[in-house]
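Heads up, the sequence shown is in my numbering, so the first residue is 64 and it goes up one at a time. Backbone N, C-alpha and C fix where the C-beta goes; we use that ideal spot for every residue, glycine too.
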Amino acid sequence: MAAEEVLQTVDHYKTEIERLTKELTETTHEKIQAAEYGLVVLEEKLTLKQQYDELEAEYDSLKQELEQLKELKDVIYDILNQLAFQFSM
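So this is what it looks like as structure tokens:
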């Protein structure tokens, strides 16, 4: 009986090792997939950050250009008012 019990115990351990090996393989695969997904998300985040920075720089440039155009409009408006005043005399 003792030899039979030892064989059952050995078989039990073999089965347990196979189960744990399979579980470890699956878990490792899942972790690799999660890491790959994380890298994709990180790359996308970096791309979006770069696009945001470019758009922000373009916005600042256009905002400055708009301010300059407003100032130019005011100067032209003042000149036109002066001319209109001179011709009305």
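Could you compute how far the alpha carbon of residue i sits from the alpha carbon of residue j?
i      : j      : result
Glu86  : Leu109 : 34 angstroms
Gln71  : Tyr100 : 43 angstroms
Thr91  : Ala98  : 10 angstroms
Thr84  : Thr78  : 10 angstroms
Gln114 : Ile142 : 42 angstroms
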